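Peer 1:
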Amino acid sequence: MSDESVAAFLQSRGDGVLTLHGDTPTSLPVSFGFDSETGRCLFQFLSHSDSEKWAELDDQTPATLVAYDVTDPDDWTSVVFDGVLEEVPVPCEEKREAYVDQATPIGMSVFDAAGADLDAAWFELRPTEVSGRQSPT
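Following our numbering, the numbering of the sequence shown begins with 1092 at its first residue and continues without gaps.
(1) Among GLU1128, ASP1192, SER1169 and VAL1157, which has the Cα closest to the Cα of LEU1223?
(2) In this structure, does DSSP put PHE1100 in helix, strand or coil?
(3) How would you write the range of the beta strand (DSSP E) that ALA1158 sits in, first residue to last?
(4) Quick check on this structure: which residue in ASP1114, GLU1177, PHE1123 and THR1152 has the alpha carbon closest to the alpha carbon of ILE1197?
(5) Taking a contact to mean a Cβ-Cβ separation below 8 Å, would you say PHE1214 touches VAL1175 in this structure?
(6) Quick check on GLU1128: does DSSP put it in helix, strand or coil?
(7) By how many angstroms is the C-alpha of ALA1212 removed from the C-alpha of LEU1101?
(8) Could you work out which residue in ASP1210, LEU1119, GLY1107 and THR1228 is closest to PRO1164 when comparing CA atoms only?
(9) Just the Cα atoms here: how many angstroms apart are THR1117 and LEU1111?
Structure follows, in structure tokens:
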């Protein structure tokens, strides 16, 4: 896939599987937005105070995002986005709006805490290698 096709797919997808390559590799379903200006994926990670899920994250955590869509066995697209996670302060309004527009919404029932009790942290996945494939048309 061309760089433009990969970017368009990532902007339209909104969810995928993120693998953190720390001491204990972990894969998680995530929602994300894609910033075509920077070529980075933006995540808002939520956790409650006693959660250890994000404890291993730092500004050098290698990670891989896999986003895909399968309509039927002969109609599919996938993008593998390797990079390094970087914590960012609360992103500018434009990036937050892009995240809200693109990221797949999830229910808060996945957490064992009320929404008001969750802590939010923003991260970007800085690319080191990005590749996309799709079924022949």
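From the three backbone atoms N, C-alpha and C, an ideal C-beta is built for every residue, glycine too.
Values in this document were obtained by computation on a predicted structure and should not be read as measured data.
Peer 2: A quick look at the data gives this:
(1) Note that residue 1223 is Gly in the sequence shown here, rather than Leu. Ranking the options by Cα distance to GLY1223, first place goes to SER1169.
(2) It is helical.
(3) Unbroken beta strand (DSSP E) run through ALA1158: 1152–1163.
(4) PHE1123
(5) no
(6) coil
(7) 21 Å
(8) THR1228
(9) 5 Å
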